[in-house]
Structures are given as C-alpha cells and as structure tokens.
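Chemist:
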Amino acid sequence: MSKPKGGWEKLKETQKKKKNEADFLKKLYSALVHRINAYTTVRDNFKLLSDISMDMQIEDIEGGMKKLLERYPKDFPDDFTNEFKQFLSFSSTSLSLITTNENKNKNILLNMYKMTIDLNVTESFPNIERLLRLYLSLMCTNCTGERSFSRLKLLKNVLRSSLSQNNLQNLGILSIESEFVKSLNFEDVIQNFANEKSRKKELCFDKQVDSCDDDSSD
Numbered sequence: 003m004s005k006p007k008g009g010w011e012k013l014k015e016t017q018k019k020k021k022n023e024a025d026f027l028k029k030l031y032s033a034l035v036h037r038i039n040a041y042t043t044v045r046d047n048f049k050l051l052s053d054i055s056m057d058m059q060i061e062d063i064e065g066g067m068k069k070l071l072e073r074y075p076k077d078f079p080d081d082f083t084n085e086f087k088q089f090l091s092f093s094s095t096s097l098s099l100i101t102t103n104e105n106k107n108k109n110i111l112l113n114m115y116k117m118t119i120d121l122n123v124t125e126s127f128p129n130i131e132r133l134l135r136l137y138l139s140l141m142c143t144n145c146t147g148e149r150s151f152s153r154l155k156l157l158k159n160v161l162r163s164s165l166s167q168n169n170l171q172n173l174g175i176l177s178i179e180s181e182f183v184k185s186l187n188f189e190d191v192i193q194n195f196a197n198e199k200s201r202k203k204e205l206c207f208d209k210q211v212d213s214c215d216d217d218s219s220d
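Each number in my numbering comes from the position in the sequence shown (counting from 1) with 2 added on.
(1) Work out the CA separation of residue 118 and residue 66 for me, nearest whole Å.
(2) For residue 70 versus residue 90, is the C-beta spacing smaller than 7 Å?
(3) With residue 97 and residue 114 assumed to form a contact (beta carbons below 8 Å), what rounded beta-carbon distance in angstroms separates them?
(4) Taking Cβ positions, are residue 94 and residue 56 nearer each other than 7 Å?
(5) Run the CB neighbour count on residue 26, radius 10 Å, all protein chains shown included, and call it buried at 16 or more, exposed below.
(6) Please state whether DSSP places residue 60 in a helix, a strand or coil.
(7) If you follow the alpha helix (DSSP H) that residue 54 is part of, which residue opens it and which one closes it?
(8) Can you tell me whether residue 127 is buried or exposed, with buried defined as 16 or more other CB within 10 angstroms of its CB?
(9) Given a threshold of 16 other Cβ atoms within 10 Å of its Cβ, counted over all protein chains shown, does residue 134 qualify as buried or as exposed?
(10) Can you tell which of 123, 130 and 109 has its C-alpha closest to the C-alpha of residue 87?
(11) Enumerate in chain order the residues of its own chain whose CB-to-CB distance from residue 17 is below 6 Å, with the five nearest sequence positions on each side excluded.
(12) If contacts are defined as beta-carbon pairs under 8 Å, then residue 153 and residue 185 qualify, I think. What distance do you get, rounded to the angstrom?
(13) What's the gap between the Cα of residue 32 and the Cα of residue 139?
(14) If you count every other CB in all the chains shown that lies within 10 Å of the CB of residue 2, and 16 or more means buried, which is it?
(15) Which stretch, first to last residue, makes up the alpha helix (DSSP H) that contains residue 116?
(16) Just confirm the distance between the C-beta atoms of residue 158 and residue 170, as a whole number of angstroms; I'd bet it's less than 8 Å.
Written as structure tokens, this is what we have:
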C-alpha cells in the first residue's frame with residue numbers, strides 16, 4: 003500500500019497544477035489575440051468588400067480603395083473608383099437575375115463573382131473580378147491548420163515515435179494531399195528517382211582497348 007501524501011506534497015501538486023493551467027491560459031490568450039489581429043488585418047485591407055453595399059458612399063469607396071492599394075500596390079491600378087461604382091450599379095440590376103432560391107442566402111460576394119462568370123463580364127470589370135477572386139481565395143480560417151494537426155496525430159503514433167521532422171513533414175503533406183497523390187503516375191516518379199540516384203558510369207571499353215594496343219606497340 004502506498005503511503006498517504008503529506009500536506010507539503012499535496013501543496014506542491016496543487017501549485018504545479020495551477021502553474022500548468024496558467025501557462026495554458028496564457029498560450030490560449032496569445033493565440034486568440036494573434037488570430038483576432040489577423041482577421042482584423044484582413045478586414046481592414048479588404049474594407050472595400052467587407053463593407054460593400056449597393057448604396058455605398060463615394061467616401062467609403064475611396065477609403066476602402068486606399069487601404070487596398072496600400073496592401074496590393076502592384077496588383078491593381080492607382081484608381082478604379084469608376085469601375086467599382088459601375089459594378090455596383092450593374093450588380094443591383096443583374097444580381098437578382100442569376101440568384102436562385104438555393105444561393106440567395108449565401109455570401110453576396112460569392113454571388114457577385116459567379117455573376118461576373120455567368121454573364122461573361124470579366125473583361126468589362128477586370129479589376130473587380132481580380133479583387134473578388136483574391137478575397138474569396140484567402141485562407142482566413144484555421145480549419146486547414148487544425149486538419150494538419152489531426153493528420154499528424156494519426157501519423158506520429160507509438161510505432162513512429164522516432165520519425166525525424168523532415169520525414170514527418172513529408173508524410174503529413176502526402177496524407178493531407180492524398181487525393182492529388184492518388185492521381186500521380188508512380189511509374190514516372192520511380193523512374194525519375196532512379197535516374198537521379200543512378201551511380202552507374204559508362205565505361206568506354208573501345209578507348210581502353212585502343213590505349214592498350216598503343217602501349218603494346220611501343
């Protein structure tokens with residue numbers, strides 16, 4: 003039978019538990035602050051779209067465009083306010099034509115982008131199409147990161163506890179991108195690997211024979 007723990011040992015365990023809880027709360031708070039700041043930065047950079055409405059004032063459009071151009075100065079022209087205003091006017095009349103009962107409750111920006119594709123007006127609003135595509139393809143959620151950690155838990159088990167960081171990272175990528183990996187032709191991959199790792203050297207026997215004949219003649 004184990005001896006009952008004394009008051010000093012219980013106090014040490016309690017303090018250790020409280021310290022672990024405090025460290026966990028600090029890390030959680032830091033992660034939440036970092037995530038909130040990231041979301042706030044994305045919202046500020048794309049204020050032109052995050053505050054979009056059919057009756058936006060010219061001051062709001064110019065302010066949002068200034069923020070956008072500060073972040074992406076090489077991707078957009080210096081000013082496309084008129085194009086944006088024309089797009090809003092066009093959307094107010096055309097968006098209802100392609101919006102169905104299935105997608106009317108979806109993101110209005112996604113419906114706008116589908117409208118530019120379905121009505122074939124991407125050439126009429128090239129900067130708006132680029133802006134919508136950039137905004138809608140941003141990785142603004144943490145589901146991808148959480149999915150990666152979930153896969154790593156499956157990969158690094160008791161039998162693989164000695165995996166190096168490089169091998170673990172490569173196996174994680176293969177597991178996460180399993181659909182793409184299944185579409186690969188492994189025969190080509192194996193052949194390319196064999197060609198790169200081949201250490202065989204071509205031997206010129208004819209030249210050796212000629213050199214031997216020259217030596218014998220001398």
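Glycine is no exception: its CB is placed at the ideal position from the N, C-alpha and C atoms.
It should be emphasised that the depicted structure is a prediction, and the values quoted were computed from it without experimental measurement.
Modeler: So, from the listed chains and residues:
(1) As a first step, residue 66 must be located in the sequence shown, where it is residue number 64. As a first step, residue 118 must be located in the sequence shown, where it is residue number 116. Near 21 Å, if we compare the C-alpha coordinates of residue 118 and residue 66.
(2) Position 68 of the sequence shown, counted from the start, is the residue given in the question as residue 70. Position 88 of the sequence shown, counted from the start, is the residue given in the question as residue 90. No, the pair does not count as a contact, with Cβ atoms beyond the cut-off.
(3) Walking along the sequence shown from the start, residue 97 turns up at place 95. Walking along the sequence shown from the start, residue 114 turns up at place 112. Between residue 114 and residue 97 the Cβ distance is about 7 Å, and since that is below 8 Å, they are a contact.
(4) Position 92 of the sequence shown, counted from the start, is the residue given in the question as residue 94. Position 54 of the sequence shown, counted from the start, is the residue given in the question as residue 56. Closer than 7 Å, so yes.
(5) On the sequence shown, position 24 is the one that residue 26 refers to. Label assigned to residue 26: exposed.
(6) If you number the sequence shown from 1, residue 60 lands on position 58. For residue 60, the three-state secondary structure derived from DSSP is helix.
(7) Taking the sequence shown and counting its residues from 1, one reaches residue 54 at position 52. For residue 54, no alpha helix (DSSP H) segment is defined, and its DSSP state is neither H nor E.
(8) For this step, residue 127 is matched to residue 125 along the sequence shown. With 16 or more other Cβ atoms within 10 Å, it is buried.
(9) Counted from its first residue, the sequence shown places residue 134 at position 132. It is buried - the Cβ of residue 134 has at least 16 other Cβ atoms within 10 Å.
(10) Here residue 87 corresponds to residue number 85 of the sequence shown, with the count starting at 1. For residue 87, the closest of 123, 130 and 109 by C-alpha to C-alpha distance is 130.
(11) Along the sequence shown, read from residue 1 onward, the residue named residue 17 stands at position 15. Excluding its 5 nearest sequence neighbours in each direction, residue 17 has no C-beta neighbour in its own chain below 6 Å.
(12) Walking along the sequence shown from the start, residue 153 turns up at place 151. Walking along the sequence shown from the start, residue 185 turns up at place 183. The beta-carbon separation of residue 153 and residue 185, rounded to 19 Å, does not stay under the 8 Å limit for a contact.
(13) To locate residue 32, count along the sequence shown from 1; it is residue 30. To locate residue 139, count along the sequence shown from 1; it is residue 137. Looking at the backbone, the Cα of residue 32 and that of residue 139 are separated by about 26 Å.
(14) One cannot answer for residue 2 here, as it falls past the ends of the chain, which runs 3 to 220.
(15) For the purposes of this step, residue 116 is taken as residue 114 along the sequence shown, with counting starting at 1. If you look at residue 116, you'll find it in the alpha helix (DSSP H) that goes 110 to 120.
(16) Locating residue 158 in the sequence shown gives position 156, counting from the first residue. Locating residue 170 in the sequence shown gives position 168, counting from the first residue. The pair is a contact, with the Cβ atoms about 6 Å apart (cut-off 8 Å).
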